[in-house]
Amino acid sequence: MENRIKPLEDACKNYEEDLVLYHYAETDASERAAIEQHLAQCLRCRNFVEDLGRVLPQMSLKPELPQAFWDNYFRETVAKLDDQAARQNWWQRWLAPMNSWLVPTFGTVAIAVFAIALMIQKGDFNATSETASGQIPAEVLVDSNQLEFFKSMEILESLSTLEEQDSAKPERKTSYIENGPVQVVA
Amino acid sequence: MESSKDLGDEELVTLCQQGQGHYFDVLVRRYMEKAFHIAYDFTRNKETAKDLSQDAFLRAYANIKRFDGRSSFYTWFYRIVVNLCLDHARRSGRVFWESLDKAPEEPGGQRQLVDTQHQPDQEAIAGEASRRANATLESMPNKQRTAFLLRNQEGLPIADIAKVMKTTEGTVRVYLHRAVATLRQSLVEFV
Numbered sequence: 406m407e408n409r410i411k412p413l414e415d416a417c418k419n420y421e422e423d424l425v426l427y428h429y430a431e432t433d434a435s436e437r438a439a440i441e442q443h444l445a446q447c448l449r450c451r452n453f454v455e456d457l458g459r460v461l462p463q464m465s466l467k468p469e470l471p472q473a474f475w476d477n478y479f480r481e482t483v484a485k486l487d488d489q490a491a492r493q494n495w496w497q498r499w500l501a502p503m504n505s506w507l508v509p510t511f512g513t514v515a516i517a518v519f520a521i522a523l524m525i526q527k528g529d530f531n532a533t534s535e536t537a538s539g540q541i542p543a544e545v546l547v548d549s550n551q552l553e554f555f556k557s558m559e560i561l562e563s564l565s566t567l568e569e570q571d572s573a574k575p576e577r578k579t580s581y582i583e584n585g586p587v588q589v590v591a
Numbered sequence: 093m094e095s096s097k098d099l100g101d102e103e104l105v106t107l108c109q110q111g112q113g114h115y116f117d118v119l120v121r122r123y124m125e126k127a128f129h130i131a132y133d134f135t136r137n138k139e140t141a142k143d144l145s146q147d148a149f150l151r152a153y154a155n156i157k158r159f160d161g162r163s164s165f166y167t168w169f170y171r172i173v174v175n176l177c178l179d180h181a182r183r184s185g186r187v188f189w190e191s192l193d194k195a196p197e198e199p200g201g202q203r204q205l206v207d208t209q210h211q212p213d214q215e216a217i218a219g220e221a222s223r224r225a226n227a228t229l230e231s232m233p234n235k236q237r238t239a240f241l242l243r244n245q246e247g248l249p250i251a252d253i254a255k256v257m258k259t260t261e262g263t264v265r266v267y268l269h270r271a272v273a274t275l276r277q278s279l280v281e282f283v
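Going line by line, the protein sequences match chains A and B.
For the first sequence, the numbering used here gives the first residue as 406, with consecutive numbering after it.
For the second sequence, the numbering used here gives the first residue as 93, with consecutive numbering after it.
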């Protein structure tokens with residue numbers, strides 16, 4: 406067989422796809438006639454078809470396996486099919502008595518799950534609100550600090566007011582002399 | 093009385109659908125070689141091809157009631173085989189490159205693309221051509237590769253390949269042409 410090392414010429418672009426189909430005998434009579442007419446006058450396309458006819462059949466060679474392989478293959482496959490059928494039957498037998506109440510049961514369970522999910526979600530909302538209150542924004546914190554500050558200021562003011570009042574008022578004296586503590590109010 | 097071996101695919105499928113599952117064994121016997129060869133074309137590994145093709149029979153049997161007869165049984169079944177092979181290729185990342193450098197598993201296992209009968213020095217070229225052809229097939233887009241393997245290796249008509257691939261015949265023609273052009277381009281020095 407000739408081994409052409411030089412790059413091959415391609416087929417005519419308009420015919421390339423048709424030539425592949427021609428090789429596989431996938432053309433109808435009229436297409437075949439048109440291709441053969443072209444091949445009669447085009448060396449490039451003739452070489453192309455010749456190459457396809459040489460290379461492609463060689464790619465379809467199959468491994469030659471002994472009959473024992475196929476016998477074993479068949480036995481194995483049938484055994485696997487039997488196993489699969491047995492498993493399916495087991496499940497069918499198991500599920501058969503449940504068929505009458507399977508749908509209502511699943512419906513009830515689904516509703517119950519939905520209800521529980523709703524309750525949990527509601528619980529989450531509470532938790533979220535608690536969390537929200539625990540996480541006070543900085544602006545609010547500043548405001549609250551200021552509030553505390555003003556409260557303390559009020560207290561201080563109150564204290565000074567009281568002191569002024571106290572200084573204005575007669576001094577409240579507690580006498581422990583002789584008769585025990587006696588509040589003396591002027 | 094008609095033997096079960098003489099029954100057509102559709103009759104056997106109907107019997108299986110009616111609960112007579114043992115008729116599926118006839119379909120296994122009928123299609124096991126084709127199924128194995130398709131899987132082998134995709135995987136180039138005998139054990140993997142055996143597992144995948146047997147798995148295809150199991151899936152076909154498990155879903156036999158879903159077969160509605162709109163297509164023929166064998167195009168439906170080949171589709172299962174091809175999908176399993178493509179799925180296997182995806183999962184394994186198409187790591188078949190190692191096997192390309194190994195000796196063929198059995199006679200005829202590796203495609204010999206150059207005739208070495210009369211020129212012993214051509215054996216190296218044949219080996220290289222085979223490796224390159226396999227590598228090109230592996231790197232092809234799945235649809236092109238599927239169209240090529242089903243047509244070239246399994247001899248399915250384009251009309252049936254279109255049914256297996258659930259596409260039009262025109263699209264299969266395009267896939268086939270592109271696959272052949274790519275292969276030919278990769279083997280241009282060896283043809």
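Ideal placement from N, C-alpha and C gives every residue a C-beta, glycine not left out.
- Non-local beta-carbon contacts of B/F116 in its own chain, meaning distances under 6 Å to residues more than five positions away in sequence, involve C108 and Y153 in chain order.
- Neighbours of B/Y153 in chain A, taken as residues at a C-beta separation under 9 Å, are given in chain order as L486, Q489 and A490.
- Ranked by how close their Cα comes to the Cα of B/F240, the residues A/A484, A/L461 and A/Q446 have A/L461 in first place.
- By the CB criterion at 8 Å, B/V105 and B/V174 fall outside the cutoff.
- Interface residue (Cβ-Cβ distance to chain A less than 8 Å): B/K126 is not classified as such.
- Contact check for B/L150 against A/Q493 fails: the beta carbons are separated by 8 Å or more.
- V425, L426, Y429 and E431: these are the residues of the stretch 423 to 434 of chain A whose beta carbon lies less than 7 Å from some beta carbon of chain B, given in chain order.
- A distance below 8 Å separates the beta carbons of A/E431 and B/I250.
- In this structure, the straight-line span from the alpha carbon of B/E139 to that of B/A127 is close to 13 Å.
- When the beta-carbon positions are compared, B/D252 and B/F165 stay at least 8 Å from each other.
- Among the residues of the stretch 464 to 482 of chain A, those with a Cβ less than 8 Å away from any Cβ of chain B are M464, S465, L466, K467, P468, E469, L470, W475, Y478, F479, E481 and T482, in the order of the chain.
- Shown in chain order are the members of the stretch 108 to 120 of chain B whose Cβ falls below 8 Å from a Cβ of chain A: G113, F116, D117 and V120.
- Flagged as an interface residue toward chain B: A/E421, by a C-beta distance shorter than 8 Å.
- The DSSP-derived three-state label of B/D133 is helix.
- Close partners of B/R237 in chain A (Cβ separation under 9 Å) are lacking, with about 12 Å as the shortest Cβ gap.
- When Cβ-Cβ separations below 8 Å define contact, A/V454 makes no contact with chain B.
- For the stretch 418 to 451 of chain A, not one full-length beta strand (DSSP E) segment reaches 3 residues or more.
- As the crow flies, the alpha-carbon of B/V272 is around 21 Å from that of B/C177.
- For chain B, none of the residues of the stretch 511 to 526 of chain A brings a beta carbon within less than 7 Å of one of its beta carbons.
- Identification of chain A residues near B/A131 by a Cβ-Cβ cut-off of 9 Å yields none; the smallest Cβ-Cβ distance measures about 12 Å.
- DSSP places B/E102 in the uninterrupted alpha helix (DSSP H) bounded by D101 to Q109.
- Residues of the same chain with a CB within less than 7 Å of the CB of A/C447, apart from the 5 flanking positions on each side, are C417 in chain order.
- Under the three-state reduction of DSSP output, B/R182 falls in the helix class.
- Bounds of any alpha helix (DSSP H) do not take in B/I156, whose DSSP letter is neither H nor E.
- Nearest C-alpha to B/R224 among B/R136, B/L279 and B/N234: B/L279.
- Between B/T135 and B/H180, the gap from beta carbon to beta carbon is short of 8 Å.
- Around A/F453, the same chain offers A416 and L424 as residues with beta carbons nearer than 6 Å, after the five sequence neighbours per side are excluded.
- Just so you know, the alpha carbons of B/T274 and B/K258 end up roughly 23 Å apart.
- Residue state for A/K485 is assigned as helix, using DSSP reduced to three classes.
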